[in-house]
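**Student:** Attaching a single structure in structure tokens format; questions to follow.
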Amino acid sequence: MAKSSKSVLVVGLGRFGSAVAMTLDAMGQDVLAVDKDPGLVARWSTHVPVVQADMTDVLAIEQIDASQFDTAVVAIGDSVEASVITTGNLLDAGVTDLWAKSVSVQHARILQRIGARHIINAETDAGKRVGHLVSGNYLDYIEIEGAHTVVKIHTPSHAVGKSIEDAQVHERYGITVVGIKSPGKEFQYGSKELIMHRNDELVIMGTEDQIDKFIHDGNR
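Under mature numbering (1 follows the signal peptide of the UniProt record, and there is no 0), read the sequence shown as residues -21 to -1, 1 to 199, first letter to last.
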């Protein structure tokens, strides 16, 4: 298999798996999607490369040469047993960069114990993101590993008209301004001399407490 792009095997073509496969394909990655349901295979066959196979069967793993893929995503959500067996089969085949969707804490724990490198708590992660967006403080929210998050906000009133350096964003709040998007202008990376205007969108990184302090400091 050509290595000009990352090769990714996506197992499971439900809403989550099909979205992953379509996104990767649109990004130019070398994707193969697999599902045992002939109806789903037929539905997605005109959109992404797809084969019908039951990946709980070791023979199917061998037939599609799963070991040749750089990464695998196990997106099976309707059967914990099938998810765990498929994950184990792919790990046994030598796929080390493996992402697996979990549907419960117990499911995630099992996947972690058998060696899945990344656990995707799809519903929990989405729920936390929506909760933060509904709160009205953030325009967008991404939780990253550890205590830090990356959020998009409008410039807080107390920082309007100030440069990143003059506002002492990092010194006072401990956050980092990754970049600024002004209306009608290109995204700019957060150099210290950039001025933060009222309608600018700031992409910032820090802990939730640090970010909230930055947002609300002028109201205290």
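No residue lacks a Cβ here, since even glycine has one placed at the ideal position from N, Cα and C.
If you're wondering where the values come from, they're calculated on a predicted model, not measured in any experiment.
#1: Would you say aspartate 9 and valine 27 are within 7 Å of each other, going by their C-beta atoms?
#2: Give me whichever residues DSSP pairs with threonine 103 in a beta bridge.
#3: Here's a check: name, in chain order, each residue in its chain whose Cβ is nearer than 6 Å to the Cβ of lysine 160, leaving out the five neighbours to either side.
#4: Which residue's Cα is closest to the Cα of tryptophan 23: Ile43, Ala45 and Leu(-9)?
#5: In the DSSP output, which residue or residues are listed as bridge partners for leucine -13?
#6: Would a C-beta distance cut-off of 7 Å place isoleucine 194 and asparagine 116 closer than the cut-off?
#7: Would leucine 77 and alanine 95 be called neighbours here (beta carbons separated by less than 7 Å)?
#8: Leucine 69 by DSSP, collapsed to three states: which one?
#9: According to the Cβ coordinates, are valine 29 and valine 37 closer than 7 Å?
**Tutor:** Concretely, from the data shown:
#1: no
#2: According to DSSP, which records beta bridges pairwise, threonine 103 is partnered with nothing at all.
#3: Phe166 and Glu180
#4: Leu(-9)
#5: Leu11 and Ala51
#6: yes
#7: yes
#8: helix
#9: no
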